[in-house]
Amino acid sequence: MVMKVDHIGIAVKSLEETLDFYTKVLGLELQDTEIVEEQKVKVAFLPIGDTELELLESTQDDGPIAKYIEKKGQGMQHIAFRVDDIEKAIQDMIDKGIRMIDEKPRYGAGGAKIAFCHPKSTNGVLVELCQRD
Ligand code: ZN
Numbered sequence: 086m087v088m089k090v091d092h093i094g095i096a097v098k099s100l101e102e103t104l105d106f107y108t109k110v111l112g113l114e115l116q117d118t119e120i121v122e123e124q125k126v127k128v129a130f131l132p133i134g135d136t137e138l139e140l141l142e143s144t145q146d147d148g149p150i151a152k153y154i155e156k157k158g159q160g161m162q163h164i165a166f167r168v169d170d171i172e173k174a175i176q177d178m179i180d181k182g183i184r185m186i187d188e189k190p191r192y193g194a195g196g197a198k199i200a201f202c203h204p205k206s207t208n209g210v211l212v213e214l215c216q217r218d
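Okay, structure coming up:
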């Protein structure tokens, strides 16, 4: 059902302060940035091999990433697995007893269709399902 690691989401306080580590130290390339209004987040895309890192900076104090950092601090926030049919993948998760945060796909950065599984159902990891056409 899962094809590959689509991306890893990393919560940061400031993209500006964080990017140097990934670009100047690790030598990755900043491909693009995008603001996802609905999630109150600015995303920076850094491809690495056939996957990518997504650095997530909150655009507002009450956004999900701001709240996450407040609770847990900066760092790895979620892992996204690529699926070829997200509706089917969501149903499959539900059938297998996994609690979904999103029972319907929603818009994700980079034009993906995404849905999050509840970390209580995945031993503490925030898992995202991600379909790209
Ligand atoms: Zn993601």
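86 is the number of the first residue of the sequence shown in our numbering; add one for each residue after it.
Note that the Cβ used here is the ideal one computed from N, Cα and C, for glycine as well.
For clarity, every value in this text was computed on a predicted model and none was experimentally measured.
- Within the same chain, Cβ atoms closer than 8 Å to the Cβ of proline 204 are found at Val210, Leu211, Val212, the five residues on either side in sequence being excluded.
- Excluding the 5 residues flanking it on each side, leucine 100 has same chain C-beta neighbours closer than 8 Å at Thr118, Lys127, Ala129, Leu140, Glu142, in chain order.
- Looking at the backbone, the Cα of histidine 92 and that of lysine 156 are separated by about 23 Å.
- Along the length of the region 123 to 162, whole alpha helix (DSSP H) runs at least 4 residues long occupy 149 to 157, reported in chain order.
- Aspartate 169 and threonine 108 have their alpha carbons spaced roughly 30 Å apart.
- The beta carbon of glutamine 162 lies closer than 8 Å to those of Gly94, Ile95, Ala96, Leu141, Ile150, Tyr153, Leu211 in the same chain, with the five residues before and after it left out.
- In terms of CA proximity to aspartate 218, Tyr192 leads the group Glu188, Tyr192, Cys202, Asn208.
- When the alpha-carbon of arginine 167 is set against those of Ile120, Glu123, Asp105, Ala200, the nearest one is in Ala200.
- For isoleucine 93, the uninterrupted beta strand (DSSP E) segment begins and ends at 89 to 97.
- Bounds of the beta strand (DSSP E) holding glutamine 216 are 212 to 216.
- Looking at the backbone, the Cα of glutamate 114 and that of alanine 194 are separated by about 17 Å.
- Around the beta carbon of isoleucine 120, fewer than 16 other beta carbons sit within 10 angstroms, so the residue counts as exposed.
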